[in-house]
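Since the structure comes first, as structure tokens, the remarks are kept for the end.
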Amino acid sequence: MTRKPHDFRTTPEHRWPVATAVLGALALYLLQPSMFVPWLRWVVVVACLAVLTTLVFLNPHRLSKESRWSRVASIVLAVLLLVANQFALVALIIDLLSSGDSDAGGILLMALQVWVTNVIAYAVMFWEIDRGGPVVRRRDAREKLPHASFRFPQDEDHDTVAEVAAGSSKTADWTPEFFDYLYFSASNSMAFSATDAMPLTRTAKALMLLESFSAFVILALVIARAVSAIG
Numbered sequence: 769m770t771r772k773p774h775d776f777r778t779t780p781e782h783r784w785p786v787a788t789a790v791l792g793a794l795a796l797y798l799l800q801p802s803m804f805v806p807w808l809r810w811v812v813v814v815a816c817l818a819v820l821t822t823l824v825f826l827n828p829h830r831l832s833k834e835s836r837w838s839r840v841a842s843i844v845l846a847v848l849l850l851v852a853n854q855f856a857l858v859a860l861i862i863d864l865l866s867s868g869d870s871d872a873g874g875i876l877l878m879a880l881q882v883w884v885t886n887v888i889a890y891a892v893m894f895w896e897i898d899r900g901g902p903v904v905r906r907r908d909a910r911e912k913l914p915h916a917s918f919r920f921p922q923d924e925d926h927d928t929v930a931e932v933a934a935g936s937s938k939t940a941d942w943t944p945e946f947f948d949y950l951y952f953s954a955s956n957s958m959a960f961s962a963t964d965a966m967p968l969t970r971t972a973k974a975l976m977l978l979e980s981f982s983a984f985v986i987l988a989l990v991i992a993r994a995v996s997a998i999g
């Protein structure tokens, strides 16, 4: 059963920020120069595009409708992005450890591609799992929402000074959007720890741990490679 946009607690979220991010991640993934199985990237990209096209057809502008199959498809898309980029990360590690100095530029470009794709993939996953997903977060009354996976600053700002409290979850009914998850995914990849949002569940903590570890491995190996090339 679906609900109409006017039944929502707040205005449904736009589809295109996350769709644009997913398309960008797929483009970066497709352009990566190294892979264990060359045809695998095409399988992943085609599968992701097929799922994304179906989801866009259901909600072309705002995320106002959801069914059981669309919810499953959204999670599958996030998992596909995440798992595919982990294979790319393994390929990057092998290339960083085995390629010669003449390939340094290509390897550094691939490291950047893998890192950016990782940020987007984890942001999509965070966006999907928190408080029941993007449709439920804005549709259902707060007391009926599933447990939060992340705590944002706005969730605890209601008892601060007036100009800050005015934008809090409790006062203004603030709800996180995709950009909020993209921001803390990027900051988690750069700081290797929670910065903007705090994980509350074991699943959220495990995902943030894996993201931080992946980003640390990329940075450590790139620095090591750069030092070796300079030396």
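Residue 880 in our numbering sits at position 112 of the sequence shown; the count goes up by one each step and never skips. Where a beta carbon is used, it is the ideal one built from N, C-alpha and C, also for glycine. Note that the structure is predicted; figures quoted are calculated from it, not measured.
Specify, as a first and last residue, the run of the alpha helix (DSSP H) that Asn-956 falls within.
-> Under the DSSP assignment, Asn-956 falls in the alpha helix (DSSP H) whose first and last residues are 946-959.
Would you be able to state if there are at least three C-beta pairs under 8 Å between the region 772-790 and the region 827-835?
-> The region 827-835 makes contact with the region 772-790: 3 or more CB pairs, one atom from each, lie closer than 8 Å.
Continuous alpha helix (DSSP H) stretch holding Leu-929: start and end | Here residue 929 is Val; the residue named in the question, Leu, does not match the sequence. Going by DSSP, Val-929 is part of no alpha helix (DSSP H) at all; its letter is neither H nor E.
Where Arg-830 sits in the DSSP three-state scheme | strand
Chain-order list of residues whose beta-carbon lies under 8 Å from that of Ala-815 (same chain, five-residue window excluded) = Leu-848
Which of the three DSSP states, helix, strand or coil, is assigned to Phe-918?
-> strand
Among Met-878, Ala-972, Leu-865, which has the Cα closest to the Cα of Arg-919?
-> Answer by Cα proximity: Ala-972.
Neighbourhood of Ala-934 by C-beta distance below 8 Å, restricted to the same chain and skipping five residues each side = Here Ala-934 has Ala-940 as same chain residues with Cβ atoms under 8 Å from its own Cβ, once five neighbours each way along the sequence are excluded.
State the Cα-Cα distance for the pair Ala-859 and Val-786, rounded to the nearest angstrom.
-> 26 Å
Delimiting residues of the alpha helix (DSSP H) encompassing Thr-939 = 937-940
Identify the residues that DSSP records as bridge partners of Pro-1033: which are they?
-> A query on residue 1033 cannot be resolved here, the shown segment of the chain reaching from 769 to 999 and no further.
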